[in-house]
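Participant: To start, I am sharing the structure in question, which I have written as structure tokens.
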Amino acid sequence: MARISGINIPENKRGLIALTYIFGIGKHISKQIFEIIKMNPNTKVKNWSDLELNKIRKFINKNITIEGELKHEIQLDINRLLDIKCYRGIRHQIGLPVRGQKTKNNGRPRPCQSNS
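In the working numbering, each residue's number is its place in the sequence shown (first place is 1) plus 192.
Below, the structure written as structure tokens:
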């Protein structure tokens with residue numbers, strides 16, 4: 193099983209789809225990676241050579257923020273919104289939708305933790 197940045201990549205998937213198992217890499221970024229490295233995105237992971245796998249590992253580690261580091265950045269951004277008490281920060285704090293979604297049907301807040 194191939195490992196990139198501590199994540200097990202499924203071997204029976206195409207390379208384009210397999211890279212999306214890493215948090216922070218979607219189909220668009222995965223496609224860009226294969227274009228830059230000049231690899232075929234349709235080859236299955238089990239058919240990758242060690243050289244190709246190392247190319248992908250090096251490129252991802254050098255150029256893309258993924259997994260724990262990305263989650264940490266996102267949490268810092270949310271904390272900054274909470275600190276400056278902007279509208280989006282307050283919506284995060286209450287647990288309501290932040291990006292303008294309707295709340296009549298589905299936007300139920302998280303259950304409040306009362307002291308009683």
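Backbone N, C-alpha and C fix where the C-beta goes; we use that ideal spot for every residue, glycine too.
(1) For the region 203-214 and the region 228-247, state whether three or more C-beta atom pairs, one from each stretch, are separated by less than 8 angstroms.
(2) For the beta strand (DSSP E) holding ILE256, just list the boundary residues, first then last.
(3) With DSSP run on the structure shown, which of helix, strand or coil describes ASN200?
(4) Return the chain-ordered list of same chain residues with a C-beta closer than 8 angstroms to the C-beta of GLY216, the five sequence neighbours on each side being excluded.
(5) Name the two residues that bound the continuous alpha helix (DSSP H) containing ILE221.
(6) Does the distance from the CB of HIS284 to the CB of ILE270 come in under 8 angstroms?
(7) Would you say the region 238-258 touches the region 195-208, given that touching needs at least three Cβ pairs under 8 angstroms?
Facilitator: Reading off the structure:
(1) Contact between the region 203-214 and the region 228-247 is present, because at least three Cβ pairs lie under 8 angstroms.
(2) The residue labelled residue 256 in the question sits at position 64 within the sequence shown. Counting along the chain, ILE256 falls outside any beta strand (DSSP E), and DSSP gives it neither H nor E.
(3) Start at 1 with the first residue of the sequence shown, and residue 200 comes out as number 8. Three-state result, ASN200: strand.
(4) Taking the sequence shown and counting its residues from 1, one reaches residue 216 at position 24. Contacts found: ILE256, THR257, ILE258, GLU259 and LEU262.
(5) As a first step, residue 221 is located in the sequence shown; it is residue number 29 there, counting from the start. Looking at the DSSP string, the run of the alpha helix (DSSP H) that includes ILE221 is 219-229.
(6) Translated into the one-based positions of the sequence shown, residue 284 becomes position 92. Translated into the one-based positions of the sequence shown, residue 270 becomes position 78. Result yes, Cβ atoms of HIS284 and ILE270 sit closer than 8 angstroms.
(7) As far as the Cβ criterion goes, the region 238-258 touches the region 195-208, which means the pair count is three or higher.
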